[in-house]
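Participant: Numbering (my numbering), first residue to last: 3 to 212. Backbone N, C-alpha and C fix where the C-beta goes; we use that ideal spot for every residue, glycine too. This structure is in structure tokens; I'll ask about it shortly.
The structure is reproduced here in structure tokens:
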């Protein structure tokens with residue numbers, strides 16, 4: 003299997019623009035959700051901050067994008083934000099410690115095991131994306147071009163779903179927008195056909211003292 007296509011720095015911003023997105027859209031969602039998550043205290047149930055951050059990240063992303071014609075749905079409680087032409091959808095979810103980093107021989111996974119709804123969407127990605135990539139050997143830098151041929155509007159369910167992975171730590175949030183290609187039998191998304199690595203948010207971005 004080919005390595006994922008990586009997009010970093012200026013190339014990441016260009017790729018986001020091709021998808022009808024901007025770093026500002028994602029940054030807004032991550033920071034707004036972080037502010038909400040920091041309001042929780044030790045008196046809240048232990049899993050409340052994580053669930054709250056997940057919900058708010060999806061909500062604040064929708065608030066930005068629905069102003070530009072994006073739509074959304076929640077099949078089996080999976081919060082999809084859908085491109086105006088139905089080309090693809092985005093779901094924000096937590097990633098592991100490799101999220102947002104390009105590490106030799108390593109790829110991120112979802113932090114927690116996913117259920118049947120996510121498995122269904124990843125399997126759809128496999129059906130639509132893999133033929134475009136692997137009927138012939140496609141170099142990593144050409145994967146984005148190959149994907150453009152299979153992410154057209156369907157008039158119904160989007161062809162593919164991207165995951166906005168984020169790893170929120172006390173002093174830093176790392177993130178990436180990536181296209182999942184497989185999920186393990188235990189429910190962890192573990193390989194990707196394309197990864198858009200996004201700037202880390204740290205320090206004063208997160209409301210800390212400079």
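I'd like the list of long-range same chain contacts for residue 50, defined as Cβ closer than 6 Å, with 5 residues on each side in sequence excluded.
Facilitator: On the chain shown, residue 50 is found 48 positions in, with the first residue counted as 1. Excluding sequence neighbours, residue 50 sits near 42.
Participant: For the stretch 100-118 against the stretch 54-71, do three or more pairs of beta-carbon atoms, one drawn from each stretch, fall closer than 8 Å, so that the two count as touching?
Facilitator: With a cut-off of 8 Å, the stretch 54-71 and the stretch 100-118 do not count as touching, because too few Cβ pairs lie within range.
Participant: Label residue 116 either buried or exposed according to how many other C-beta atoms from any shown protein chain fall within 10 Å of its C-beta, with 16 as the threshold for buried.
Facilitator: Counted from its first residue, the chain shown places residue 116 at position 114. The residue in question, residue 116, is buried, as its Cβ has 16 or more Cβ neighbours within 10 Å.
Participant: So what does DSSP say about residue 57, is it helix, strand or coil?
Facilitator: Working through the chain shown from its first residue, we reach residue 57 at position 55. Residue 57 falls in the helix class under three-state DSSP.
Participant: Closest to residue 93 by CA distance: which of 192, 20, 181, 165 is it?
Facilitator: Here residue 93 refers to the residue found at position 91 of the chain shown. Of the listed residues, the one whose Cα sits closest to residue 93 is 165.
Participant: So the candidates are 22, 124, 127, 28; which of them puts its Cα closest to the Cα of residue 178?
Facilitator: In the chain shown, counting from the first residue as 1, residue 178 sits at position 176. The residue with the shortest Cα to Cα distance from residue 178 is 28.
Participant: What whole-angstrom Cβ distance do residue 167 and residue 95 have, given they're in contact under 8 Å?
Facilitator: In the chain shown, residue 167 corresponds to position 165, counting from 1. In the chain shown, residue 95 corresponds to position 93, counting from 1. Between residue 95 and residue 167 the Cβ distance is about 6 Å, and since that is below 8 Å, they are a contact.
Participant: Within 8 Å, do at least three Cβ pairs link the stretch 190-206 to the stretch 12-21?
Facilitator: Yes, the stretch 12-21 touches the stretch 190-206.
Participant: For residue 59 and residue 31, what's the separation of their Cα atoms in angstroms?
Facilitator: As a working mapping, residue 59 is identified with position 57 in the chain shown. As a working mapping, residue 31 is identified with position 29 in the chain shown. Near 5 Å, if we compare the C-alpha coordinates of residue 31 and residue 59.
Participant: How many angstroms separate the CA atom of residue 113 from the CA atom of residue 10?
Facilitator: On the chain shown, position 111 is the one that residue 113 refers to. On the chain shown, position 8 is the one that residue 10 refers to. Taking the straight line from one Cα to the other gives about 22 Å.
Participant: Could you give the distance in angstroms between the alpha-carbon of residue 174 and the alpha-carbon of residue 108?
Facilitator: Walking along the chain shown from the start, residue 174 turns up at place 172. Walking along the chain shown from the start, residue 108 turns up at place 106. Using only the alpha carbons, I get a separation of about 20 Å.
Participant: Give every residue of the same chain whose Cβ lies closer than 7 Å to the Cβ of residue 214, excluding the five residues on either side of it in the sequence, and list them in chain order.
Facilitator: Because the chain here runs from 3 to 212, residue 214 falls outside it and cannot be looked at.
Participant: Could I get the ranges of all uninterrupted beta strand (DSSP E) runs contained in the stretch 85-131, with 3 residues as the minimum, in chain order?
Facilitator: Runs of the beta strand (DSSP E) inside the stretch 85-131: 90-96.
Participant: Under DSSP, the alpha helix (DSSP H) around residue 44 begins and ends at which residues?
Facilitator: Walking along the chain shown from the start, residue 44 turns up at place 42. Residue 44 -> no alpha helix (DSSP H), and no H or E assigned at all.
Participant: Do residue 189 and residue 91 have their C-beta atoms within less than 8 Å of each other?
Facilitator: Start at 1 with the first residue of the chain shown, and residue 189 comes out as number 187. Start at 1 with the first residue of the chain shown, and residue 91 comes out as number 89. No.
Participant: Based on the DSSP secondary-structure assignment, which residues constitute the bridge partners of residue 164?
Facilitator: Counting from 1 along the chain shown, the entry for residue 164 is found at position 162. DSSP output for residue 164 lists 92 as bridge partner(s).
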